[in-house]
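So the structure is just underneath, and the comments pick up after that.
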Ligand SMILES: O=c1ccc(O)c[nH]1
C-alpha cells in the first residue's frame, strides 16, 4: 500500500533531527534516473521545514550497459560522480548529502566524507523506509554489537547446514549501520540495523554453506539448493552445488575479475522490524533488499571489495548474502546462536 506525504515528511523530519540537521545548514539531495519522486519531494519539504538550505543535484546514470542487474548495488566502482569535479565540490561544500541515487563503495564517497560532510543513503521504497524509521534504540543496539566486533580478534560462524568459517579481525574497523548520520563525516543507510567489519586481508578460511532459503543480493532470490563456498586465504576458491550454484557462478564469471571472489564485509542483522520473508512480496526491481540485509539474527557476508573499509581491493562485483540459522561467535563468545541474537551487552 502507498504512503501518504504527511507521515513520510514527518519520518524524514525525525531522521534529519536524529542526524542533527540545524537551521541554516546546507543539504544537497543527490538524485538520478531511479530516484523515487515521493522520497525526493518529502525529503525536500522536511529539510526545508527544519530551516536548511536545500539543493538538488541530479546526475545522469552510468554503467547501465555494463551491469547485468539494474540494482544500484550490483555494479560498483565508477559512479556519476567519477571525474565530476563540479558535483564533488558541491557535495564537499554541503553539511549533509541525502543520497537518493547510491554512491556506496565509491572512492568519491570517501573523499566527500573526509571533508566532514555527512551522507545518508535512502533508496528503498517509501513503504520500506516508513516501516523502519530509525530510532536511538536502533543505534544503541547496533553500536553495542559493533563494539564487541571492534574488540575481537576472531569471528567464527557455524551452522547445522555445514558452515564453518573463521575470520581473523583487527585490520579493519567495525561499522555500525543504524539509519542516521549524527556525527560529522558519517555515512549511514536508512533503512538498516546491522553491525559489520571485514576479515583481515587474506585471512578468512573454511566453508560457507548458503542453504535453501538463504538469500542472494542483487539476485533477490531465495536459494533453492545449497551452495557450498570453499574459502581459502580470504577468497571463495570453489562454488559447488546445483542450479543455484551454477547461476551464482555464471553471474560472478561475467565480471572476469578474481577480486569478485574475495570475502568482503561480515556481520549480523539487528533490525527487528526487518523480515526475511519480504523478498518474495516486492517486485525484484522495486527494492534493493534491505530487509534481507538487516533482519535480526542473520549472518550477513558479502563477496567483493574492501575499499569501503579502507582496504585496497576494488571490484565492480558486489554480492550480499544473508544466511539464516547461523551461530556467530567472537573470540569464543556466541553473539548469535542458531539465528537468534543473544544479549549484546
Ligand atoms: O547498507 C548497505 C548496503 C549494502 C552493503 O553491502 C552494505 N551496507
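Residue numbers (the numbering used here): 988 to 1332. Don't be surprised by glycine CBs; every beta carbon is placed ideally from N, CA and C. All values derive from a computational prediction rather than experimental measurement.
Distance CB(residue i)-CB(residue j) smaller than 7 angstroms
i, j, result
"residue 1064", "residue 1303", "yes"
"residue 1249", "residue 1222", "yes"
"residue 1153", "residue 1093", "no"
"residue 1169", "residue 1006", "yes"
"residue 1008", "residue 1084", "no"
"residue 1014", "residue 1034", "yes"
"residue 1317", "residue 1135", "yes"
"residue 1096", "residue 1090", "yes"
"residue 1000", "residue 1105", "no"
"residue 1278", "residue 1296", "no"
"residue 998", "residue 1115", "no"
"residue 1213", "residue 1196", "yes"
"residue 1395", "residue 1309", "Here the chain comprises residues numbered 988 to 1332, so residue 1395 is not present and cannot be evaluated."
"residue 1292", "residue 1251", "yes"
"residue 1108", "residue 1074", "no"
"residue 1117", "residue 990", "yes"
"residue 1187", "residue 1160", "no"
"residue 1003", "residue 1037", "yes"
"residue 1067", "residue 1049", "yes"
"residue 1189", "residue 1178", "no"
"residue 1163", "residue 1130", "yes"
"residue 1311", "residue 1298", "no"
"residue 1290", "residue 1306", "yes"
"residue 1110", "residue 1313", "no"
"residue 1194", "residue 1217", "yes"
Environment of residue i [buried if 16+ CB atoms lie within 10 Å]
i, result
"residue 1294", "buried"
"residue 1020", "exposed"
"residue 1285", "buried"
"residue 1211", "exposed"
"residue 1055", "exposed"
"residue 1132", "buried"
"residue 1315", "buried"
"residue 1274", "buried"
"residue 1264", "exposed"
"residue 1124", "exposed"
"residue 1026", "buried"
"residue 994", "exposed"
"residue 1011", "exposed"
"residue 1127", "exposed"
"residue 1028", "exposed"
"residue 1052", "exposed"
"residue 1176", "buried"
"residue 1138", "exposed"
"residue 1243", "exposed"
"residue 1333", "The requested residue 1333 is not part of the displayed model; the chain covers only 988 to 1332."
"residue 1283", "buried"
"residue 1142", "buried"
"residue 1047", "exposed"
"residue 992", "exposed"
"residue 1276", "buried"
"residue 1030", "buried"
"residue 1080", "exposed"
"residue 988", "exposed"
Bridge partners - residue i, DSSP secondary structure assignment
i, result
"residue 1258", "1282"
"residue 1126", "Note: residue 1126 sits in no beta bridge, so no partner."
"residue 1174", "1106"
"residue 1111", "None; residue 1111 has no bridge partner."
"residue 1328", "1323"
"residue 1182", "1163, 1255"
"residue 1141", "1155"
"residue 1315", "1144, 1323"
"residue 990", "None; residue 990 has no bridge partner."
"residue 1308", "1288"
"residue 1192", "1153"
Residue i: CB within 6 angstroms of a non-hydrogen atom of ligand 2
i, result
"residue 1176", "What this structure holds is ligand 1, not ligand 2."
**Q.** Segments of 3+ residues assigned as beta strand (DSSP E) that fall wholly inside the stretch 1196 to 1284
**A.** 1214 to 1219, 1222 to 1228, 1250 to 1256
Q) For the stretch 1000 to 1036, which segments carrying the beta strand (DSSP E) assignment without a break, of at least 3 residues, lie completely within its bounds, in sequence order? A) 1013 to 1018
Q. When the Cβ atoms of the stretch 1225 to 1241 are set against those of the stretch 1139 to 1152, are three or more pairs found closer than 8 angstroms?
A. no
Q) What residue ranges within the stretch 1028 to 1095 form continuous beta strand (DSSP E) runs of no fewer than 3 residues, ordered along the chain? A) 1040 to 1045, 1083 to 1086
Q. Is the number of C-beta pairs between the stretch 1242 to 1259 and the stretch 1179 to 1188 that are closer than 8 angstroms three or more?
A. yes
Q) Does the stretch 1043 to 1061 come within contact of the stretch 1201 to 1210, defined as at least 3 CB pairs closer than 8 angstroms? A) yes
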